Amino acid sequence: MMSIKGHLWMKLSVCAMALGSCSTIKKSTVKHGNTPTVSESRRITFLDHINTPGRTHGSSSYNNNKNVSIGKNVTYASANLENAQSWQFKYAQLLDVPVENVLNYNLYNFIEEWWGTPYRLGGKTRDGIDCSGFVNTLMSAVFQYALTGNSVELYSKVRQHLKERDLREGDLVFFKIHHKRISHVGIYLDNDKFVHASTSNGVMISDLNEPYWKRYFAGGGRL
């Protein structure tokens, strides 16, 4: 009898150990399955800092979130994805381009600092600025072009007039809004996006493919 009881006890012990091992394995598997990969964690963190697109002039626009700011420790960004800075991810999403395309630190730092500055006709400071004042200030600070004049005068200064497909970073984009002559100007960034001082939302990024801007687009210009 003792032998049978001992044998039965041994079987029960083995079953208990087996059940304990399955429970441990299951918990470990669930934990592993719920743990995000490095890329997932990075993407989620980045998306938390980006506002969803807003609207202006009846079309979409891109809003800024000041929780993510461009650092001051670099002057030219890395084209290596693993070494990319947070501001590169931010503006890559705003422009809908690969992170490796967002390299001009001086340009995006300038945009970051001026973002949301209200529109003011004739203004040239962060208290208020108009479209030509913003273009003149950016071109001087980022591209070292000493420009002056309103949008009409800037249009007359370009060396080469361009179609939309030929635009590249730093080119000027012109619009005829409710006028037969040039009445608005911005600076091209990438992927049909441009930065400008709009009358409704101040300094912001917009898309040339938005119906409003597409309707009034008058062409680009290279200095």
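Counted the way mature numbering (1 follows the signal peptide of the UniProt record, and there is no 0) counts, the sequence shown spans residues -18 to -1, 1 to 205. Glycine is no exception: its CB is placed at the ideal position from the N, C-alpha and C atoms. For clarity, every value in this text was computed on a predicted model and none was experimentally measured.
Assign residue i to buried or exposed, taking buried as 16 or more other Cβ atoms, counted over all protein chains shown, within 10 Å of its Cβ.
{"i": "Thr107", "result": "exposed"}
{"i": "His166", "result": "buried"}
{"i": "Thr99", "result": "buried"}
{"i": "Lys145", "result": "exposed"}
{"i": "Gln126", "result": "exposed"}
{"i": "Tyr44", "result": "With a pLDDT of 43 at Tyr44, under the threshold of 50, the modelled position of this residue cannot be trusted; read the value that follows with caution. Result: buried."}
Find out if the Cβ-Cβ distance for the pair residue i, residue j is shorter than 8 Å.
{"i": "Asp153", "j": "Gly115", "result": "no"}
{"i": "Gly201", "j": "His143", "result": "yes"}
{"i": "Leu205", "j": "Val140", "result": "yes"}
{"i": "Asn83", "j": "Asp172", "result": "yes"}
Which same chain residues end up closer than 6 Å to residue i when comparing Cβ atoms and leaving out the 5 residues on each side of it in sequence?
{"i": "Lys175", "result": "Leu77, Ile187, Asp189"}
{"i": "Gln70", "result": "Ala59, Val81, Val84"}
{"i": "Val124", "result": "Asn88, Leu89, Phe92"}
Give every residue of the same chain whose Cβ lies closer than 7 Å to the Cβ of residue i, excluding the five residues on either side of it in the sequence, and list them in chain order.
{"i": "Leu120", "result": "Phe92, Ile169"}
Going along the chain, which residues of its own chain have a beta-carbon closer than 8 Å to the beta-carbon of residue i, five neighbours each way excluded?
{"i": "Asn191", "result": "Asp174"}
{"i": "Ile159", "result": "Ser165, His166, Tyr198"}
{"i": "Leu129", "result": "Val117, Asn118, Met121, Ser122, Leu136, Lys139, Leu205"}
Between the C-alpha atoms of residue i and residue j, what's the straight-line distance to the nearest angstrom?
{"i": "Ala101", "j": "Gln67", "result": "Looking at the sequence shown, residue 101 is not Ala but Tyr. In a straight line, the C-alpha of Tyr101 is about 30 Å away from that of Gln67."}
{"i": "Asp109", "j": "Asn62", "result": "37 Å"}
{"i": "Val185", "j": "Ser122", "result": "17 Å"}
{"i": "Phe156", "j": "Tyr198", "result": "9 Å"}
{"i": "Glu135", "j": "Ile111", "result": "17 Å"}
{"i": "Pro80", "j": "Asn132", "result": "34 Å"}
{"i": "Arg163", "j": "Glu64", "result": "47 Å"}
{"i": "Trp195", "j": "Asn183", "result": "15 Å"}
{"i": "Gly15", "j": "His178", "result": "Because Gly15 carries a pLDDT of 34, less than 50, the predicted location of this residue cannot be relied on, and no value is offered for it."}
{"i": "Gly104", "j": "Cys113", "result": "9 Å"}
{"i": "Pro193", "j": "Arg150", "result": "21 Å"}
{"i": "Trp96", "j": "Ala74", "result": "18 Å"}
{"i": "Ser180", "j": "Glu94", "result": "16 Å"}
Could you confirm whether any beta carbon from chain D is found closer than 8 Å to the beta carbon of residue i?
{"i": "Ala59", "result": "Of the chains in the structure shown, none is chain D; there is only one protein chain."}
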